[in-house]
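Take a look at the structure set out below.
Here's what the structure looks like:
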């Protein structure tokens, strides 16, 4: 049986078929490489977005808790102060006096402790900034820090419910105040001391009781000032200084690693060029997109240095504003409160009026906090 001429394969047909087969294999190989590279980029973008989403979750949790503490200050302490300044006496009864005193102090403790938790979390975030798994553990760490902060605020505020009571200083007038226990005690003892029927022994006993109560009041006030301002302030300052030092260390490491990374990219580029020299004729007729240009332009070393430098500048700016706002609104009251412990009786009225004003001025800090953690963060992203 004779085959048609068009179905017969001679040596020329074999060479053409082999050339077409090599061409098909070469094109398929590079198409697979290009498809694999594109899929790798898509997966990288997805992982990057996923890690960014996970990284935002702890920060969002911290800001929600900070907003809760700020709202507690604005809607518990502020109304109480406004009503007291309008009426200048207490009409709420014993239970409401204790509850309002508890939540007023609780809001201040919570505000300071949540800001301290944010500072501590940023130290861990800066230390593990190159680790993907660290972002997964950050949410649990923030929850633990916040639980400790809220429990500490609750425990430190409990004495307020015992110390504050409704006091009526005048027997013939309907005038009530929600005052601490030692204020009532000192008022009654001074009133008793000024009576004329006391012996020297009784006066000595009363003076001793007055000194003991004043010592107890001073110890409680020192403890309150330490935990509500000075300890959180020290934690915040140390934390942000640590963050800046960590970022500075990362920047130096990436800077020293930059030449090596540039050399690797140059070697990859040269090897890509040399491997394509034998196929230059085919590439001229069938142009393809190579990855050498991508490797040259997207230098990982320079990108890392730039990113860390921006993060350092943003953290430095944000840390400065946070510390400045916290010290601006909290320092005057706490400094005057320390001076108030060494006051004389003649200075009592001046310090009382000043402390009331400065304590009310602290309420501006909950208004400034959302501006710092919101506007500056958006500016840093842009």
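Numbering (this note's numbering), first residue to last: 622 to 1003. Just so it is clear, CB atoms sit at the ideal spot from N, CA and C, and this is done for glycine as well.
Residue i to residue j span [Cα, whole Å]
i	j	result
residue 759	residue 803	44 Å
residue 723	residue 801	12 Å
residue 721	residue 815	34 Å
residue 974	residue 980	10 Å
residue 839	residue 955	14 Å
residue 987	residue 836	33 Å
residue 730	residue 698	12 Å
residue 915	residue 749	Confidence at residue 915 is low in this model, with a pLDDT of 39, below 50, so its placement is unreliable and the value that follows should be read with caution. Distance between the alpha carbons of residue 915 and residue 749 is about 28 Å.
residue 702	residue 976	13 Å
residue 963	residue 957	10 Å
residue 985	residue 717	25 Å
residue 949	residue 694	17 Å
residue 824	residue 809	13 Å
residue 805	residue 862	45 Å
residue 784	residue 859	34 Å
residue 757	residue 807	55 Å
residue 990	residue 813	48 Å
residue 834	residue 852	25 Å
residue 817	residue 832	21 Å
residue 688	residue 821	57 Å
residue 680	residue 795	51 Å
residue 978	residue 769	31 Å
residue 943	residue 854	11 Å
residue 870	residue 864	10 Å
residue 790	residue 700	24 Å
residue 682	residue 771	14 Å
residue 961	residue 692	29 Å
residue 732	residue 713	26 Å
residue 684	residue 819	59 Å
residue 719	residue 844	20 Å
residue 780	residue 953	24 Å
residue 938	residue 866	14 Å
DSSP bridge partner residues for residue i (one or two, in chain order)
i	result
residue 848	The partner list for residue 848 (beta bridge, DSSP) is empty, contrary to what the question assumes.
residue 787	799
Rounded Cβ spacing between residue i and residue j (contact assumed at less than 8 Å)
i	j	result
residue 993	residue 941	So it is not a contact: roughly 10 Å between Cβ atoms.
residue 690	residue 728	6 Å
residue 850	residue 711	No, residue 850 and residue 711 are not in contact; Cβ-Cβ is about 26 Å, not under 8 Å.
residue 786	residue 715	7 Å
Sub-8 Å separation of residue i and residue j beta-carbons
i	j	result
residue 798	residue 811	no
residue 842	residue 767	no
residue 774	residue 734	yes
residue 856	residue 737	yes
residue 846	residue 744	no
residue 868	residue 747	yes
residue 762	residue 792	no
residue 696	residue 777	no
Short CB-CB distance (under 8 Å) between residue i and chain D
i	result
residue 943	Looking at the structure shown, chain D is missing, and only one protein chain is on hand.
- Below 8 Å, can you find three or more Cβ-Cβ pairs linking the segment 700–709 to the segment 817–834? no
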